[in-house]
Each structure stands twice: as C-alpha cells, then as structure tokens.
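Asker:
2 protein chains.
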Amino acid sequence: MDIKKAIEIISNQYSLLTSECKSELLNNSKILVLEKGTTLVREGQYSDKTFFIINGCARAFYLKDGKDISDWFAFENDFISSINSFFLNIPSPHYIELLEDSVLLEISRENVEKLANTYRDFERLSKVIVIKTMLMQQERISSMQFHSAEQKYENVLSIHPNISQRISLTHIASYIGITLETLSRIRKRQSRI
Amino acid sequence: MDIKKAIEIISNQYSLLTSECKSELLNNSKILVLEKGTTLVREGQYSDKTFFIINGCARAFYLKDGKDISDWFAFENDFISSINSFFLNIPSPHYIELLEDSVLLEISRENVEKLANTYRDFERLSKVIVIKTMLMQQERISSMQFHSAEQKYENVLSIHPNISQRISLTHIASYIGITLETLSRIRKRQSRI
DNA sequence: CGAAAATTTGATCGAAGTCAATCATTGTGG
DNA sequence: CCACAATGATTGACTTCGATCAAATTTTCG
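Chains as they are written, first to last, in my numbering: chain A, 2 to 194; chain U, 2 to 194.
This is the structure:
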C-alpha cells in the first residue's frame, strides 16, 4: 500500500526520520479510507488524533452564531487536527470533515508522545510540524490585516493556486472572512480582465 | 538579581525544568537592561535571538506600504522574537522595539539548540513555547474573522485587560486591523455607557 | 514653556455586508 | 436514467460600517 510512501513523504517534507523510526511510525499509525462528507471530529468532542492526508482533502470549521466558518483546509501531504483538543486536551471548538473521498493516516497523541520519547528524530519531527503550522498562521494573520477582500482572495490563490477547483466558494469566502456574494463579484471582475 | 526568579517563572509557567537544566539555562542566557525605544531587531536583519521579558514590554511590527502595523505585543513573562528569522533563518520582516524601559533575558538559537539537545526537559520547554504561540495565533485568527471593529477591540481587552494603559491607541488599532480614528470613536461610545 | 506626538472630532465616501430573487449544478430515489 | 430536490453560485438593490481626509484639541516630554 502507499502507507510506506506516505511515511517517506513525511520524513522528506518535514524532518528526516531514521528507518527504524519510520517503521515504528508505521506500526503506530492507522490507515483510514473514508468517503467525502465523513466527519472526523465533532464540536465538543475530545479528539486526540492527528491526520495526515495521503489523498483527498479536509477542512476544519466552527460555528459562530450558527454560521459555518472555515478555519483550515488540508490537502495531500498536509496534517490536520483539532489543535486545541489535541494539544490542550479540551473539547474541540472545531468540526473536521472530509471534502473528498480520502485516504488518511491517523496517529494518536499517545503514540506521538510515545514515539517522541523514544526517538529523537521523531521528537524533532513533531516540533517541526508545530513550527511550520505556527509560521503559516503568522502568514495568514498578516494577510488578513488591512487587506481588501480582493487582496485576501489573491493571497489564498497564491498559496493554493487551484483551491477553487476543490473547495466551494462558500468555504473559501468564510475562510478569508468575506461573504460569498462579495467573493462571487470579485471573481466576476477578475474574469473580465 | 532577578534572573534566577525569571528562570523559575519560565519553568513554572511553560514547562518544568530540572535544577541542573535551570542553571545551564542561566549560563547560556544573557540579561539585558535597555531603555524604552530601543530597537531589538530591524527589518531585513537576521535575528537568531529570542527574548524573555522580565520587566517592561515590547512590540513587533512591520511596514506595509510605509504604514506601521503592530503584529505582536509582549509583556512581563512573555517571549518575543522575530519568529520568521529565528526559525527559518531568513531576514526578519519585522522590527521589534521596546515600549518601556525593560529587563530582558536574551537566548540565542545556538544555545537553545544546544540545551535542547542536551536536556530532554529543555527540548520539551521549547516545544511547549511554540505550541502556546501557535494556539494564541489560532485564537487571534478567529477573533479577526467576521468581527466588527468593536468586537475586535473587546477581544483584545479580554486578553489584555489594561493594554490601553501601556500601549498607544495607534498601536492597538493597527494590531486589530482598524484605524486609529475608529478605535477612538469606539472608546468614546463605550465610555458613555 | 513650546514643539512634537497622540488623540479626538467632524464630514464625506466607498467597499463590502444584507436581503432577496434567480440561475446553475449536483446528486438521489423512483 | 430522468426528474426534481437540494445545494451552490450569481446578480441586483439597498444600507451600513469603517476608511479617508482634515482640523482641532490634548498630552507628553525635552
């Protein structure tokens, strides 16, 4: 199966692992083949899992005054989890759902900790993932400060060039903090040029 | 000096350190006593230092089209650094300056790495700091999505109740992504109630 | 005390939100 | 496999919040 390939990608893309560590990671993770629409995490639920996306995509979202607001998209070779629940062991404010049929690697916090305590390079890997996430959020914060709706849309496009082929405009709009209608008008304006 | 007390606070507030590790941290960090207005990091500069604030406060900001935009405030017992430069070893997009006369603990990346490689609990500490930062940014992102200027101001106040006693309204306004004038009007409205 | 910086106040304008209706696409069950 | 819901996207009319520009006032500090 491509689980080995997935672990190879994690090692290369985030932080190199020894082959012993790679095979231990293999033993401590679970492969999931799930349909589009599956809910991985529900609001209020304790979730001690993190998911690596081998194939497909997922989003995290939360409800604010009943409105669905997307907070995070994850595609092939990305990790996604309810970071609040995973790291603080509190009920998740987020839902996480699959936007396509997907193949995932699931790793529990318990196993992450076990591996991190045993293998220096796994400890390092888990740190690198957190650092990368932090830096992406940093980027996202400044791309939201003092930018017009159009600039924010172009910013997402520069990070995920073909996001609109995979994610509905509704979700993209809430992700960048504008209404669906405004996004639709921006796209119309752009296509005219 | 209160440097020992500072290290005690770090240990208690972030992640517990053994006494051996604490004294090694002491040997590998430097105390700085600096005046208000001092620039710790300049845009474009490589900065491989992180600063723990024993006393005083600092802010990180960047220039967007010549406008000064605050990105981060740090007070007593907070860390501050140019995270891009520190973690990616790239030129800093930020300036960091002191907003008050301050006492700081300065630690270099080199020493952080050395200590993290030697002491498990220091490795853990550095991970905890990054995780906390990531979670704070997460919080900040959602407090910026779909909130009115007034809600954003109240959000900052709920995290830093007396921020307006220490930080100028100009800086607070840019931090939450609104203009100084709007913030002034919000405060007037609130004081009437 | 006086200059510079910070804040307040006012008037005006525009970007984007809201509400509402229509159009397009997708997917499901008969 | 088609029909028709259900969901997603577009378009329009209107409104509002907050930006901008400009000036006055207050505070800070050498």
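We treat Cβ as the ideally placed atom computed from N, Cα and C, and that holds for glycine.
(1) Comparing C-alpha positions only, which one of A/Trp73, A/Thr183, A/Asn163 sits nearest to A/Leu99?
(2) Taking contact to mean 3 or more Cβ pairs, one atom from each stretch, closer than 8 Å, check whether the segment 117 to 129 of chain U and the segment 60 to 76 of chain U are in contact.
(3) Between which residues of its own chain and A/Gln14 is the CB-CB distance below 7 Å, once the five residues before and five after are set aside?
(4) Check whether the Cβ atoms of A/Gln146 and U/Ser175 lie closer than 9 Å to each other.
(5) Compare the Cα-Cα distances from A/Val104 to each of A/Leu181, A/Thr19, A/Glu44, A/Ala75 and report the closest residue.
(6) Would you kindly work out how many angstroms separate the C-alpha atoms of U/Tyr154 and U/Ile130, rounded to a whole number?
(7) Taking only three categories from DSSP, how would you classify A/Phe74?
(8) Report yes if the CB atom of A/Leu18 is closer than 9 Å to the CB atom of A/Ile8, and no otherwise.
(9) According to DSSP, U/Lys31 sits in a beta bridge with which residue or residues?
(10) Let me know if U/Ser1 comes out buried or exposed under the rule of 16 or more other beta-carbons within 10 Å of its beta-carbon.
(11) Any idea if A/Pro162 is buried or exposed, counting beta-carbon neighbours within 10 angstroms, 16 or more meaning buried?
(12) Could you work out which residue in U/Lys31, U/His148, U/Lys6 is closest to U/Ser20 when comparing CA atoms only?
(13) Would you please state the rounded distance, in angstroms, between the beta carbons of U/Arg167 and U/Tyr96? I believe it to be under 8 Å.
(14) Determine the direct distance from the alpha carbon of U/Ser86 to that of U/Thr134, and round the result to whole angstroms.
(15) Taking Cβ-Cβ distances shorter than 9 Å, what residues in chain A pair up with U/Asp122?
(16) Among residues of its own chain, excluding the 5 on either side of U/Leu33, which ones have a beta-carbon nearer than 6 Å to its beta-carbon?
(17) Output the distance between the C-alpha atoms of U/Pro94 and A/Leu158, rounded to the nearest integer angstrom.
(18) Tell me the residue span of the beta strand (DSSP E) that contains A/Arg60.
(19) With a cut-off of 8 Å on the beta carbons, I'd call U/Thr183 and U/Ala150 a contact; round off their distance for me.
(20) Give me whichever residues DSSP pairs with U/Val42 in a beta bridge.
(21) Locate the alpha helix (DSSP H) running through U/Phe53, then write down its first and last residues.
(22) Return the first residue and the last residue of the alpha helix (DSSP H) that A/Leu89 is part of.
(23) For A/Thr180, which residues in the same chain have their Cβ closer than 7 Å to its Cβ, ignoring the five residues on either side in sequence?
(24) DSSP puts U/Lys68 in a beta bridge; with which residues?
(25) Could you list the residues in the segment 62 to 75 of chain U with a C-beta less than 8 Å from some C-beta on chain A, going in chain order?
(26) Kindly indicate if chain A contains any beta-carbon less than 9 Å away from that of U/Thr19.
(27) Taking the straight line between their C-alpha atoms, what separation do you get for U/Ser169 and U/Ser185?
(28) Does DSSP put A/Phe80 in a helix, in a strand, or in coil?
(29) What is the DSSP secondary structure of A/Phe147, reduced to helix, strand or coil?
(30) Taking Cβ positions only, does U/Ser175 come closer than 9 Å to chain A?
(31) Just to confirm, are A/Gln46 and U/Gln138 a CB contact at a threshold of 9 Å?
(32) Indicate the three-state DSSP secondary structure (helix, strand or coil) for U/Leu17 in the structure shown.
(33) In three-state DSSP terms, what is U/Glu36?
(34) Using CA atoms only, rank isn't needed, just tell me which of U/Ile177, U/Leu116, U/Lys23, U/Ile164 is closest to U/Ser144.
(35) Any beta carbon of chain A sitting closer than 9 Å to that of U/Leu136?
(36) Would you mind sorting U/Ser48 into buried or exposed? The rule is 16 or more other CB atoms within 10 Å of its CB.
Answerer: Taking the coordinates as given:
(1) Nearest C-alpha to A/Leu99: A/Trp73.
(2) Verdict: no, contact absent.
(3) Correct list, in chain order: Asn78.
(4) Taking 9 Å as the Cβ cut-off, A/Gln146 and U/Ser175 qualify as a contacting pair.
(5) Ranking A/Leu181, A/Thr19, A/Glu44, A/Ala75 by Cα distance to A/Val104 puts A/Ala75 first.
(6) Going from the Cα of U/Tyr154 to the Cα of U/Ile130 covers about 26 Å.
(7) It is a strand residue.
(8) It is a contact, given that the beta carbons lie within the stated cut-off.
(9) DSSP lists U/Glu107 as the bridge partner or partners of U/Lys31.
(10) Given a span of 2 to 194 for chain U in the structure shown, any question on residue 1 of chain U remains unanswerable.
(11) With fewer than 16 other Cβ atoms within 10 Å, it is exposed.
(12) The shortest Cα separation from U/Ser20 among U/Lys31, U/His148, U/Lys6 belongs to U/Lys6.
(13) A Cβ-Cβ distance of about 18 Å is found for the pair U/Arg167 and U/Tyr96, leaving them out of contact under the 8 Å criterion.
(14) Put simply, the backbone Cα of U/Thr134 is about 16 Å away from that of U/Ser86.
(15) Within 9 Å Cβ-Cβ: nothing; U/Asp122 doesn't reach chain A, min ~12 Å.
(16) Hits under 6 Å: Leu105, Glu107.
(17) Annotation: U/Pro94 to A/Leu158 spans about 22 Å, alpha carbon to alpha carbon.
(18) Segment 59 to 65, the beta strand (DSSP E) holding A/Arg60.
(19) With a Cβ gap of about 5 Å, U/Thr183 and U/Ala150 count as contacting.
(20) U/Ile97.
(21) Careful: U/Phe53 lies outside any alpha helix (DSSP H), inside the beta strand (DSSP E) at 50 to 56.
(22) Note, A/Leu89: alpha helix (DSSP H), 84 to 89.
(23) Closer than 7 Å at the Cβ level, and outside the excluded window around A/Thr180, lie Ala174.
(24) Bridge partners of U/Lys68: U/Lys65.
(25) Those residues of the segment 62 to 75 of chain U that come within reach of chain A (Cβ to Cβ, closer than 8 Å) are Tyr63, Lys65, Lys68, Ile70, Asp72.
(26) No, U/Thr19 lies away from the interface with chain A (no Cβ there is under 9 Å from its Cβ).
(27) In a straight line, the C-alpha of U/Ser169 is about 11 Å away from that of U/Ser185.
(28) In the structure shown, A/Phe80 falls within a strand segment according to DSSP collapsed to helix, strand and coil.
(29) Coil at A/Phe147, not helix or strand.
(30) Chain A, which has a Cβ nearer than 9 Å to the Cβ of U/Ser175, makes this yes.
(31) Not closer than 9 Å, so no.
(32) U/Leu17 sits in coil when the DSSP states are folded into three classes, being neither helix nor strand.
(33) Secondary structure at U/Glu36: coil, using DSSP grouped into helix, strand and coil.
(34) Comparing Cα positions, the closest option is U/Ile177.
(35) True, the Cβ-Cβ gap to chain A drops below 9 Å.
(36) Around the C-beta of U/Ser48, 16 or more other C-beta atoms lie within 10 Å, and the residue is accordingly described as buried.
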